[in-house]
Amino acid sequence: MNRAEQEALIIKYRYLVRSVAYSVSNEAAKDEDALQNGLIGLWEATKKWDGNRPFEPLARRCIRCNIIDYIRSIHPDDSLEEDIPSEENIAALQSYEDQDFLALVYKLFPRRSRERRVLLALMRGESKPVIAAKLGCSRQTVYNISRAAWQKLQVEAEQEAQGR
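Under our numbering, the first residue of the sequence shown carries the number 81, and numbering increases by one thereafter.
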């Protein structure tokens with residue numbers, strides 16, 4: 081593929097960068113560096129494409145990988161622990177539902193457990209792909225962790241409601 085064909089594909093599919101960034105996280109879609117990394121992914125897709133298969137799925141995958149790699153590079157391993165209120169600061173939260181939820185999370189899951197980190201990140205509004213990138217695992221793993229943790233929370237909440 082010559083340079084003009086690559087440029088034509090990049091121009092035609094550049095809208096995918098912002099779309100994929102939003103699917104990764106709202107913050108990534110607003111971060112110029114993340115968008116630039118997405119454009120690099122689009123450019124890499126033009127180099128990898130052989131013309132035998134549709135271009136868009138390859139482009140989406142390359143864009144997503146580059147954005148997630150960028151997010152991983154700017155967040156240290158403990159980035160999921162940032163901005164997590166301590167047990168002492170639960171009272172500072174605005175809603176009673178959040179206080180109850182956090183109290184239950186702190187009660188059921190150890191401090192560095194994946195379940196606790198995933199639930200608190202979800203509470204902060206982070207997307208599963210971003211959480212997966214920060215944890216170094218797949219989105220499916222994050223989904224499975226969150227589902228199991230929610231089930232455990234639900235059982236505990238029901239037991240507390242019944243007075244145990």
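From the three backbone atoms N, C-alpha and C, an ideal C-beta is built for every residue, glycine too. Nothing here was measured: the structure is a model prediction, and the numbers come from that model.
Taking the Cα of Glu-85 as reference, the smallest distance to any Cα among Ala-109, Asn-117, Gly-121, Asp-130 is reached at Asp-130. Apart from sequence neighbours up to five positions away, the residues of its chain that approach Ala-109 with a beta-carbon distance below 8 Å are Arg-98, Ala-101, Tyr-102, Leu-115, ordered along the chain. When the five nearest sequence neighbours on each side are left out, the beta carbons in the same chain lying within less than 6 Å of the beta carbon of Pro-209 are those of Val-104, Arg-219, in order along the chain. Counting every other CB atom within 10 Å of its CB across the protein chains shown gives Ala-125 a total of 16 or more, marking it as buried. For Asp-130, the three-state secondary structure derived from DSSP is coil. A straight line joining the alpha-carbon of Ala-139 with that of Arg-94 spans about 10 Å.
Residue environment for Asn-82: exposed (fewer than 16 other C-beta atoms within 10 angstroms of its C-beta). Excluding its 5 nearest sequence neighbours in each direction, Ile-90 has C-beta neighbours in its own chain below 7 Å: Leu-122, Trp-123, Thr-126, listed in chain order. The DSSP-derived three-state label of Arg-219 is helix. For Glu-206, the secondary structure class from DSSP, reduced to helix, strand or coil, is coil.
Residue nearest to Glu-87 within the set Leu-119, Asp-111, Asn-106, Cys-142 is Leu-119 (criterion: CA-CA distance).
The beta carbon of Asn-117 is closer than 8 Å to those of Asn-146, Ile-147, Asp-149, Tyr-150 in its chain, skipping five residues each way along the sequence.
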